[in-house]
Each structure stands twice: as C-alpha cells, then as structure tokens.
Amino acid sequence: MRIDGKGLVDRSKRVIFSFDGQSVEGFAGDTVASALLANDVKLVARSFKYHRPRGVMGAGSEEANALVTVGRGAAQDPNVRATVQEVFDGLEVHSQNRWPSLEFDILAANDFVSPFLGAGFYYKTFMWPKAFWEKIYEPVIRRAAGLGALSKQHNPDSYERAFAFCDLLVIGAGPSGLMAALTAGRAGADVILADEDALMGGRLNGDGGEVDGMSGAAWAAQAVAELASLPNVRLMPRTAVTGAYDQGTYGALERVSHHLGNAGGRPKECFWRIVAKRSILCAGAIERPIAFENNDRPGIMTASAVRTYVNRYGVAPGKAVTVFTNNDSGHQTARELIAAGVHVAMVVDSRRDAPESGDYPLVKGAEVCNAGGRKALESITYRAMSGEEKVATDCLAVSGGWNPTVHLTCHMNGRPVWREDIQSFVPVAGMIPGMDTAGACQGTFSTHGALSEGAAAAGTALAALGLAAGAAEVPVAEDTPYRLSPLWAVGGHGRAWLDFQNDVTVKDVKQAAKENFRSVEHMKRYTTQGMSPDQGKNSNIGALAVLADATGRGIPETGTTTYRPPFVPVSIAAMGAGAQGAGFAPQRFTTSHTASVAAGAPMIEAGLWYRPSYFPAAGETTWRQSCDREVNMVRQAVGICDVSTLGKIDIQGPDAAEFLDFVYTNMFSTLKVGRVRYGLMLREDGTVMDDGTTARWGQDHFVMTTTTAAAGPVMRHLEYVAQCLRPELDVSLMSTTEQWAQFAVTGPKSRELLNTLVDQEIDGESFPFMACGEISVSGVKGRLFRISFSGEHAYEIAVPARYGESLYRQMVAKAEALGGGAYGMEALNVLRIEKGFITHSEIHGRTTAFDIGMGRMVSAKKDCVGKTMSERPGLNGDEREQLVGLKPLGPVKQLTAGAHLFEAGADPTRENAQGYTTSVGFSPTLESFLGLAFLRNGRARHGEEVMMVDHLRGVSTRCEVCDPVFFDPEGGRVRG
Amino acid sequence: MAELSAKTPCAGLLPVSAGGVTLSEVDAGVLTSLSPRRGRAEALGKALDASVGAKLPEVNRATGEAGSRVIWFGQGQYLLMGPDPAAALGAEAAVTDQSDAWAVVRLDGVAAEDVLARLVPLDLRAQSFAVGHTARSMLGHMSVSITRTDPDTFQIMAFRSMAKTLVHEIETAMKGVAARGAG
Numbered sequence: 001m002r003i004d005g006k007g008l009v010d011r012s013k014r015v016i017f018s019f020d021g022q023s024v025e026g027f028a029g030d031t032v033a034s035a036l037l038a039n040d041v042k043l044v045a046r047s048f049k050y051h052r053p054r055g056v057m058g059a060g061s062e063e064a065n066a067l068v069t070v071g072r073g074a075a076q077d078p079n080v081r082a083t084v085q086e087v088f089d090g091l092e093v094h095s096q097n098r099w100p101s102l103e104f105d106i107l108a109a110n111d112f113v114s115p116f117l118g119a120g121f122y123y124k125t126f127m128w129p130k131a132f133w134e135k136i137y138e139p140v141i142r143r144a145a146g147l148g149a150l151s152k153q154h155n156p157d158s159y160e161r162a163f164a165f166c167d168l169l170v171i172g173a174g175p176s177g178l179m180a181a182l183t184a185g186r187a188g189a190d191v192i193l194a195d196e197d198a199l200m201g202g203r204l205n206g207d208g209g210e211v212d213g214m215s216g217a218a219w220a221a222q223a224v225a226e227l228a229s230l231p232n233v234r235l236m237p238r239t240a241v242t243g244a245y246d247q248g249t250y251g252a253l254e255r256v257s258h259h260l261g262n263a264g265g266r267p268k269e270c271f272w273r274i275v276a277k278r279s280i281l282c283a284g285a286i287e288r289p290i291a292f293e294n295n296d297r298p299g300i301m302t303a304s305a306v307r308t309y310v311n312r313y314g315v316a317p318g319k320a321v322t323v324f325t326n327n328d329s330g331h332q333t334a335r336e337l338i339a340a341g342v343h344v345a346m347v348v349d350s351r352r353d354a355p356e357s358g359d360y361p362l363v364k365g366a367e368v369c370n371a372g373g374r375k376a377l378e379s380i381t382y383r384a385m386s387g388e389e390k391v392a393t394d395c396l397a398v399s400g401g402w403n404p405t406v407h408l409t410c411h412m413n414g415r416p417v418w419r420e421d422i423q424s425f426v427p428v429a430g431m432i433p434g435m436d437t438a439g440a441c442q443g444t445f446s447t448h449g450a451l452s453e454g455a456a457a458a459g460t461a462l463a464a465l466g467l468a469a470g471a472a473e474v475p476v477a478e479d480t481p482y483r484l485s486p487l488w489a490v491g492g493h494g495r496a497w498l499d500f501q502n503d504v505t506v507k508d509v510k511q512a513a514k515e516n517f518r519s520v521e522h523m524k525r526y527t528t529q530g531m532s533p534d535q536g537k538n539s540n541i542g543a544l545a546v547l548a549d550a551t552g553r554g555i556p557e558t559g560t561t562t563y564r565p566p567f568v569p570v571s572i573a574a575m576g577a578g579a580q581g582a583g584f585a586p587q588r589f590t591t592s593h594t595a596s597v598a599a600g601a602p603m604i605e606a607g608l609w610y611r612p613s614y615f616p617a618a619g620e621t622t623w624r625q626s627c628d629r630e631v632n633m634v635r636q637a638v639g640i641c642d643v644s645t646l647g648k649i650d651i652q653g654p655d656a657a658e659f660l661d662f663v664y665t666n667m668f669s670t671l672k673v674g675r676v677r678y679g680l681m682l683r684e685d686g687t688v689m690d691d692g693t694t695a696r697w698g699q700d701h702f703v704m705t706t707t708t709a710a711a712g713p714v715m716r717h718l719e720y721v722a723q724c725l726r727p728e729l730d731v732s733l734m735s736t737t738e739q740w741a742q743f744a745v746t747g748p749k750s751r752e753l754l755n756t757l758v759d760q761e762i763d764g765e766s767f768p769f770m771a772c773g774e775i776s777v778s779g780v781k782g783r784l785f786r787i788s789f790s791g792e793h794a795y796e797i798a799v800p801a802r803y804g805e806s807l808y809r810q811m812v813a814k815a816e817a818l819g820g821g822a823y824g825m826e827a828l829n830v831l832r833i834e835k836g837f838i839t840h841s842e843i844h845g846r847t848t849a850f851d852i853g854m855g856r857m858v859s860a861k862k863d864c865v866g867k868t869m870s871e872r873p874g875l876n877g878d879e880r881e882q883l884v885g886l887k888p889l890g891p892v893k894q895l896t897a898g899a900h901l902f903e904a905g906a907d908p909t910r911e912n913a914q915g916y917t918t919s920v921g922f923s924p925t926l927e928s929f930l931g932l933a934f935l936r937n938g939r940a941r942h943g944e945e946v947m948m949v950d951h952l953r954g955v956s957t958r959c960e961v962c963d964p965v966f967f968d969p970e971g972g973r974v975r976g
Numbered sequence: 001m002a003e004l005s006a007k008t009p010c011a012g013l014l015p016v017s018a019g020g021v022t023l024s025e026v027d028a029g030v031l032t033s034l035s036p037r038r039g040r041a042e043a044l045g046k047a048l049d050a051s052v053g054a055k056l057p058e059v060n061r062a063t064g065e066a067g068s069r070v071i072w073f074g075q076g077q078y079l080l081m082g083p084d085p086a087a088a089l090g091a092e093a094a095v096t097d098q099s100d101a102w103a104v105v106r107l108d109g110v111a112a113e114d115v116l117a118r119l120v121p122l123d124l125r126a127q128s129f130a131v132g133h134t135a136r137s138m139l140g141h142m143s144v145s146i147t148r149t150d151p152d153t154f155q156i157m158a159f160r161s162m163a164k165t166l167v168h169e170i171e172t173a174m175k176g177v178a179a180r181g182a183g
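Protein sequence lines, in the order shown, are assigned to chains A and B.
Each residue of the first sequence is one higher than the one before, starting from 1 at the first, in the UniProt record's numbering.
Each residue of the second sequence is one higher than the one before, starting from 1 at the first, in the UniProt record's numbering.
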C-alpha cells in the first residue's frame, strides 16, 4: 500500500506491467518488488527445494527470495531479482519453480516430507543402483528443485563488452562513495563512480536521516548533480563491480536496457573491464536476518529493507508492522514507520538493556521464536522471561546486525578479520593492491563516519596519484554509535532458515557438523549453503556462526568461505558479447570469394578462411559429380584454384640462407636464385611441423610458403628461432600472405592459358619445373612459380591483392574456353591423394620425417631444428607406422578416413590395430577409391592385404597396401 | 592482353556513420614495411628523413603527416605510408611492399574513443594516447594497428582479408554507442 507524500518514485508517471499475467500498477522509479508490495502482493516466489511460499526479503541486489523470470520466449531472463528489476510499461514478469501456479504448487508437498530432505539426503539415499543416478535420480531431483529456467532458444538480444580506464574507481555511491568521488573529482582526478543501483545514494535514499540539514536523498541528488557537471567524472549507475583482478583491473556489469520497454538499439547489458590506478571500495553493508522457526514467511523482511520501501518507494510493507532486533537499527525502522504513519504493533529486542527510543510497544530481552501464516505472515510468537506471546502482524522487520560487504577485497585471496565489537568481518588494508575501503564495508555504520571516511580515502588516493586534495568539508550527519548483542539463531524445534535461496536451515548446518563436515568449506558443500545466485550474501556469516557454535569454536577460528567473483550474477551473454554465431571469430575472405559464391560454390571453413568446396555445373546433383569433373578437367585441360590462403613469408637479410638451413631439414643455401625447393620443417621435438616450397627470389631474399593451417604457427616458430635460437643471424621476417592474391593454374594447358595473360610469354626454358620469377600482367608486376600440388604441369601466379578478383575472373573465363575451369578443395584433395602428397592430415603432429618417407630429407651435412630429437630411439624403424597407399580389393570399394587397419583375418580389436587411414578420396583418374594411411612397418608391406575397419561408420574393406604415389610415379607430367 | 581492375579492401562496405561518428576507408598510398638490418636503425632514420622528411618513430609513436607517415609497427618494424620507398632504404632495411595487405580505415568523431572502447583493450583516452601515438593491439579478435592521427580521428589497420569483420565489429560498436547517446 502506498503512503501519501512519501518516496522518490515519480507519482506522475504510472507504469503498468504484468506479474503472472495479472496487470500491476506502479510508478516510474519502482522496482518490481516495490510495486508488488504497493499492491499488497506478498507471495512472489517458491523456494528452491521445499517450494515454500516466499515474499520479498530485501531491497537490493542481495535479495534471496524474490527471484522472478522477466520476459518470455527466447529473450526470457531467469532468476532476476525483483528488487533490482525496474518497472516499465509492458514489462512481463513470471514467478518461478512452481507448478501449476504460484498459489497452488504441487511440489509444496516436499515441505511436508522435509525431515527426509535435509542436508546429505541425496548422497545417502540415491546410491543404488549406480546407473540410476544419471538417468533417473538426478533428472527427477533437478526437476523438483531449482529456480528459473532458460528458454533453450537462441538469445536474440544484443550485449556489449567494453574497456574503461581511470585514475580512481569508486565502487558504490552511498554516502562514503559520493563523498570520495566528490573529493577526488573536485581535485581533478579522472574518476569513475559505479553503483549497482539505478539511483545513486545508497542508504541515503532508503533512510530517513538528514545530511547538511536536508534529507539524505536530497543531499545525494545534489552530490550526483555536481559530479555529473564535472568533465573528469564518469557516473556509471546500474553498474555492479563484480570482481577485482590483477593490476587494478575490475570487472563490472552494467544493466544498460533492462529497465526500458524500447531499448532503441541499446544492448541489454555491457560487461566492463575497468582499469584503475586506485580504487575505493564503498560497497556498504548487508543487514543480516536472525534464524527462527518459519522465519522465511512472506512478509518477514530485513529492517533496512522496510525503511527503504517506506522512504524511497513510499510503500508500507504492512498494516501492522512488528520489529525483531538485536541492535539499534530496528528501533530506527520503528521510528521511521511511525513518522510515515504506519502502525508499529510491537518491537521485540533481544537485549535486556534495549533503549526506549520511540512511541511504540517494546519488549526487551525477548526473541521471536515462530511465525504464523503460510502464504503471508499473520502473526509472530515471541518468547520472553514471562513466557510465549503471539502478536498479530503482517510484516516483521528483522535486524540481526550488519555484514560489511567485503567481497571485492577478498578476490585476490585475502581473508577478512573478525571484529568482536561489531560482530562482523572487516577487510584488512592492502588485500587488493591500490584499493582503500571506506564506510560501512569496513564496519563504520554511521552516516557521518561514512562521509568522513569517504573523504579521507579519497585524500589517500589523491596523494598516491600525485594530486593535491582540497580541504574536505564533511557535511553534518548523524553519528550514532552501533550497539548490538550477538544473536544468530533462536532456539527451537522447527526449521529456522539461514540460507533462504538454497533452503538451508540451522538443523542442516548442525547436521553437517555432526557428520564431521566441520570445516566451513565442507559445510558449504554438504549443505549447499551459500551457493546459487546470492552466493550466501545473506546467510554466510549466520551459517558459520551456527557452525562455530555447533563445533565449539569461535567465529574467527571457523573463518569464512572463499569470496569469489562475480559479486552479482553475470550473464554469459554479456561476457561473450559479440561472439555469438559468426562473431565467434573473424572471417577471412579471399579476393575470389564473391566470384566463387556467385558460381554456387559451397564455402567451407579452413581455419578462419573460407574456401570453395566445389563448383557445381549444370545438371550435377552431388558433390562427387562436381569433384570428379574438376579432377578430370585438371588432368586433361586446365584448372584454376585460389591458393592465397597459404602462408607467405618474405625472409630477407644477409643470413637468410643460413637461417633457412637451420629451420628446414634440407639444404636451402645451395638453392639458385630463381629456383624453388620443397622443404620440410620439424618441431623442436623432432616431429614434422610443416612443409611447403620456398623460392630464392634474390641472393638475400627468400619467399616461403606454408600450409594454410600452419601460416600463423610457422611465423611464430620462425620468430622464435630468429630471436631465441639464432639471434646472431641478421634476418628479417615479414608475412606477405595478405599482400598477394595467388592462384594455382594447373593442367596440361596451363602454360597456354598463362601466355594469353602475361606481358611476356613464357616457355619451358624460361620457366622450367621449380622455377620462379617476376612477370607482369598488363603492366601489373606479379610473381610466378612453377610448382605443382597435383602432379600436373602447373604454376602459381601472384598479383597484388587489389587485382586478385579481376585476375581470377579472367583466368576462370579463359580456362573454361580451354575446356577447364575453377576447381575447389575436394578436387584439390583428390589430385594430391592420387600423387601421394601430404597435408596436415598426415603431418598431424605425431608423425616424423621417417614415418612419411622423407627421412632422407633430413640432411646429414648440417644441423637443423628438431634433428637430434628426431633421432631418438622409437622415432625410426620397423615398429613405426609408416605412410602407405591403400586400394580396395574386394567387393566393398569404399575407404573412409580415420578407420583402423588390421591384418587380414585378425579380430578388429584395439590390441590388433596396425595403423589407420588419414586421407581418402575417389579417383576418377584411376577409377578407384584411394587412401593414404599409416601402417606398422608399412613400406616393407607393399602388396600385402590388410583389412580396413571403420567401427563408427560400420565399413569393412579389404585393401592392398601399395606405394602412396598412385599416379604418374615417374613425374613425367609435372615436367611436361 | 588482359586489363586488371583494382578493388579496395573495403569496397562496398564503407563509409558508414552513426551517432556523429563516421568510419571510412583510407587510400593510404604505397605501404612499405621497413625492418632495419642489424645495427642500421639510425642509418635507416637518416635515409628516411632524407627521402620523405619523416623521422624513424620511437616505440608506439608515428611521425610525419597524412600522405607521408611512418608508424612504429612492432618490434624492429616500421611502416612507411604514402610515398614510394626510396631505393636508398633498401641498403639499410628489409623493404617489403605491403600496399595491398592492409585494410586501412579512419574513425572520425567526438565519440570515436567510446566506439573503440568497445573493441580495443587499450587506454585510448587523449591523455594516454595522444595525436601521434600508435599501437599494435587487438580489435575484437583481430590483430590491428591503431594510430591517433587527429584529436577525434583514429587510423585503424587490419588484415585485408578481415575487412568485412573489421567493418562489422566497428559498425556494431558505433551503433551501440549511438543508441546510448540518444539518451
């Protein structure tokens, strides 16, 4: 119910939203929680395990009960805290974890069998049969217990990531944060002030006190206005700092458009990485509940939340409010309720010496021991010296004291220390390098204390930044001392809740202790206390106090569990913003991409690159038809293929030749200028790293090509060799992969085609096999290499990339006129399998030069990277699986890659495996499937029959082992 | 005889504008990477100064001006942008033509810093990254070179093959910033 004339919400702006399909009215500035309370909606959620009715418990991001789902369908957002979600017209809110409805929830039956569902129940009960756990028990338990659910649809919302930098990051905009930001901002520091609330001010907006003679909220608004006017201050409302990381880096989650009906192109959330030279934590404190029987009934709230609903939202959370407290904070709530015209039925203070500070009935030295009502609070029972009394009430405000919000200070493994006088853990200076703390988060609970500590911390930060602080004028505010007597749990037989979000009671914690889970970390895992969205913000300290009591230790000896980031839940969508779908990685396109797509070629990914798979011609319905045609076309006429994706590295310098001798297994210093040589490269461990051709462009200038896949790794490897292994060599490395568009022109008519393009015709004398040199195409200087990956008379022509598309289109047109055309990756693959040429399917990181039949390429005349390691025992010899060719023998003609090889007649079991296939393809040239494979002692077994078994695809094929070069073994065609 | 037509890396993709920020393609002329030979950095600097009137930049700095700029391009690497490299440079450095290797774009506007803050993990505030400062860094997942050429202008270079992703990433960030600016 609203209170006339109270609150900071805009009463002139009505907002209509829906809760479980019912229309609810609120005002601009309301949260879902405040608007529901204003409409006397008490039942908001069902609890995790027992499906207990739950209402709103707090007024901030720590909310443990009022979790709801916002939106619907693909965009639905589960486990949103109703206390954080701002209302807007058309907002759709649904309750969670109930069926069929919030009012009538079948699984509430769990509550009545609760004696069986305590801590450790699952572990002890669902032990047999073992196989049942995964298939039956776990799915059923998961269905019965839980919070909101994901839509399991693709999320259409946009999210953002961003980086920010500042001199000083102030975390939290309560009194201490505002004062710190004002002090530093006025001194000229580059300040970011981040606060998780939409309205900056912290407790100043929720409490009734005054600052400098005006209301706290008015002072906060004035401070925020001044900060907004300073060009060196950046205000980040709705931004929760979620973690403190190395070197002054902080994670922060900004809710950018969760509060807007029409986002207008804004992202939902932005995940910030803020790098700050200094930071001041002004995170405040969270009021703690007191455990007693049925203390989770809707209508039981923290005392400070009740004040917030009255002062900030103008909402009376009840008609007859009762208060249960162990400190003076409860009395402040009672006084402010009365001032707002809300009836206070009773204040129960556990302290015998409680102060009489207002005009309300007060029971001293008493404890609330039970609550009546199920879906809404109807009464409380308190126990005093004189016995138990029942009081009718629809709202109980509870204060068990305050827990400083120390979370961020602990993110780099620091541990907070216990302060006996305030019964709280507080941070120790220096837990996060560069971070100071001020106000309630370090146990200073008065407004005056917070303001002055904020100013002082800013002074410290400014001094560290080398800036002069002006004279800090700390405004006048209350400075009441904080007095409490510890009270964590009220004795009794029933269930008293510690962790509302995970349904963990005092009994569960005691049970854990009894079963020897005495460490606080073990207790947490055994009971699940402190897990799920609130991460125990409301319950950790209470639970460890109960554990301390149950194990006969003190609270400081018991210690806290580890505080880990994030401070509030962060959606994966925000952390991975921009990375959905194609955003996962950059896309690299060749200059011929558009032409290939226009020709109907399906594009396949090769690393980040996109390459054409095949080019379907009219009438072709399967890829094999296209592939066979393209292979024949290359063997009989001429084909064009974009090979720009292969890595190209210019290697220059007086020591370039010596450098290459060291990185390649074979000799390059003997290569003549204008000639190309095939080279093999080993890793330091002696395994084959990559292969490719390198051309000697000039005396001190080589042009290396790498495979597409290894372009990056090879460049890195060369840099490593140049910088670390051979720093004495004067050599420079430069990737030119992007500079050149390069195309293979392959087939018997390749020279004929080229001579229609180049300005000066070539012949067998000027360009013999393995020659290279400069050419020009209508005046554009290019590079020509006579190399072949198909065994045909072939060239690779390179022009500056700007001309790539134009050259490609013209060459394909000319090839087509000669009976050829473009060919794709499938045909390229078949062509090279026919010739037994290797790719990374064969040099996959476990094979040696010996294995692939290139042992003799490791020059005996010189050293090279990996040479010694490649000579280790076990890397050469009969026991190695060696590269062979395979041809089908029997009625089954199919070969598959990844299949295993067995001796004819042997059981196809793991123990009998003799090798495996790496590349297969159908050769239209030889009219047979061909395979490349590694077979134990394979080179000595040519002519032998083996069995190829593919257990996954269910294929078994009899094969003949043969030489891996199936076609034109003499190599006559390539020199043609 | 064939006639080859040229295409720029961002042809058909740019310019785009949002929220007062414009992304456009730059024809930077001839791009030449210079990698000084052992002990010849100083000599290279002199040869550069003599031929194009720009000094060899310090680490993370650029020298010269639009049309004739030298930017630090990594450890022991410089990129000459604009003029043809003088033959004399070849005596002091490994000289490699990179004119077609890079997509070169320009981001102009008061909010250009905010746009890059969505993509680049560097402190690009004017007090830390002033006119004439340059860096090799990441833009999203891409390796880029970023130079502040004017108070509200950044030159960004990415691999030519990634031009489409480059434009997509920056345009998305521009729209996000523009939407927020709308209040």
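Heads up, the beta-carbon is just placed ideally off N, CA and C, and yes, glycines get one too.
Only a predicted model underlies this, so the values are computations on that prediction, with no experimental measurement involved.
So, is the C-beta of Lys175(B) closer than 8 Å to a C-beta in chain A?
-> Taking the second sequence and counting its residues from 1, one reaches residue 175(B) at position 175. Yes, contact with chain A.
Using a Cβ-Cβ cut-off of 8 Å, state whether Arg38(B) counts as contacting chain A.
-> Translated into positions along the second sequence, residue 38(B) becomes position 38. Chain A, which has a Cβ nearer than 8 Å to the Cβ of Arg38(B), makes this yes.
Selection from Leu79(B), Gly67(B), Ala50(B) that minimises the alpha carbon distance to Val59(B) = Along the second sequence, read from residue 1 onward, the residue named residue 59(B) stands at position 59. For Val59(B), the nearest C-alpha among the options comes from Leu79(B).
Residues bridged to Leu168(A) [DSSP beta-bridge criterion] = Here residue 168(A) corresponds to residue number 168 of the first sequence, with the count starting at 1. Its beta-bridge partners are Val191(A), Arg278(A).
Opposing strand residues paired with Ser23(A) [DSSP bridges] = Working through the first sequence from its first residue, we reach residue 23(A) at position 23. Ser18(A).
Residues bridged to Phe584(A) by DSSP?
-> Here residue 584(A) is taken as the residue at index 584 of the first sequence, counted from 1. DSSP output for Phe584(A) lists no bridge partner at all.
Arg696(A) and Leu733(A): beta carbons closer than 8 Å?
-> Residue numbering aside, residue 696(A) sits at position 696 when the first sequence is read from its first letter. Residue numbering aside, residue 733(A) sits at position 733 when the first sequence is read from its first letter. No. Outside cutoff.
DSSP beta-bridge partners of Asn370(A) = Residue numbering aside, residue 370(A) sits at position 370 when the first sequence is read from its first letter. Beta-bridge pairing links Asn370(A) to Thr381(A).
State the DSSP-derived secondary structure class of Pro139(A), mapped to helix, strand or coil.
-> Translated into positions along the first sequence, residue 139(A) becomes position 139. Pro139(A): helix per DSSP, three-state reduction.
Span of the beta strand (DSSP E), counted from its first residue to its last, around Thr460(A) = Within the first sequence, residue 460(A) is the residue found at index 460, counting from 1. No beta strand (DSSP E) holds Thr460(A); the alpha helix (DSSP H) holding it covers 447 to 465.
Measuring only between beta-carbons, confirm whether Ser99(B) sits less than 8 Å from chain A.
-> Taking the second sequence and counting its residues from 1, the one referred to as residue 99(B) is at position 99. With 8 Å as the cut-off, Ser99(B) counts as an interface residue toward chain A.
Decide if Gln153(A) is buried, meaning its Cβ has at least 16 other Cβ atoms within 10 Å, or exposed.
-> Residue numbering aside, residue 153(A) sits at position 153 when the first sequence is read from its first letter. The residue in question, Gln153(A), is exposed, as its Cβ has fewer than 16 Cβ neighbours within 10 Å.
Interface residues of chain A facing Phe154(B) [CB-CB closer than 9 Å] = For the purposes of this step, residue 154(B) is identified with residue 154 of the second sequence, where counting begins at 1. None at all; the shortest Cβ gap to chain A is about 15 Å.
Could you please give the first and the last residue of the uninterrupted beta strand (DSSP E) stretch that includes residue 1021(A)?
-> With chain A represented from 1 up to 976, any question about residue 1021(A) goes unanswered, as that position is not in the structure.
Beta-carbon of Pro647(A) versus every beta-carbon of chain B: anything under 8 Å?
-> On the first sequence, residue 647(A) is found 647 positions in, with the first residue counted as 1. According to the sequence shown, residue 647(A) is Gly rather than Pro. Not one chain B Cβ lies under 8 Å of Gly647(A).
Which of helix, strand or coil does DSSP assign to Trp99(A)?
-> In the first sequence, counting from the first residue as 1, residue 99(A) sits at position 99. Trp99(A): coil per DSSP, three-state reduction.
Can you give me, in chain order, the residues of the stretch 646 to 674 of chain A that have a beta carbon less than 8 Å from any beta carbon in chain B?
-> Asp650, Gln652, Gly653, Pro654
Between Met948(A) and chain B, is there a C-beta pair that is closer than 8 Å?
-> Along the first sequence, read from residue 1 onward, the residue named residue 948(A) stands at position 948. No, Met948(A) does not count as interfacial toward chain B.
Element boundaries [alpha helix (DSSP H), containing Gln760(A)] | Sequence index remark: in the first sequence, residue 760(A) carries index 760 (1-based). Here Gln760(A) belongs to no alpha helix (DSSP H), and DSSP marks it neither H nor E.
Gln652(A) - DSSP class collapsed to helix/strand/coil = Residue 652(A) sits at position 652 when you count from the first residue of the first sequence. The answer is strand: DSSP assigns Gln652(A) an E or B state.
Under 7 Å between beta-carbons, which chain A residues line up against Thr96(B)? List them in chain order, please.
-> What you label residue 96(B) is simply residue 96 of the second sequence in a count that begins at 1. Per Cβ cutoff of 7 Å: Asp650, Met734, Thr736.
Rounded C-alpha distance that separates Pro805(A) from Val275(A) = In the first sequence, the residue the question calls residue 805(A) occupies position 805. In the first sequence, the residue the question calls residue 275(A) occupies position 275. The sequence shown places Glu at residue 805(A), not Pro. When the Cα atoms are used, Glu805(A) and Val275(A) turn out to be separated by approximately 44 Å.
Please report how far the alpha carbon of Thr63(B) lies from the alpha carbon of Ala450(A), in whole angstroms.
-> Here residue 63(B) is taken as the residue at index 63 of the second sequence, counted from 1. Here residue 450(A) is taken as the residue at index 450 of the first sequence, counted from 1. So the alpha carbons of these two residues sit roughly 50 Å apart.
Does DSSP put Asp74(B) in a helix, a strand or coil?
-> Translated into positions along the second sequence, residue 74(B) becomes position 74. Asp is not the amino acid found at residue 74(B); the sequence shown has Gly there. Correct three-state label for Gly74(B): strand.
According to DSSP, is Phe154(B) helix, strand or coil?
-> What you label residue 154(B) is simply residue 154 of the second sequence in a count that begins at 1. It is a strand residue.
How far does the beta strand (DSSP E) with Ser424(A) in it reach, from first residue to last?
-> What you label residue 424(A) is simply residue 424 of the first sequence in a count that begins at 1. Run containing Ser424(A): 424 to 426, per the beta strand (DSSP E) assignment.
Within 8 Å (strictly less), CB to CB, does Arg148(B) reach chain A?
-> Along the second sequence, one-based indexing puts residue 148(B) at 148. By this cut-off, Arg148(B) is not an interface position.
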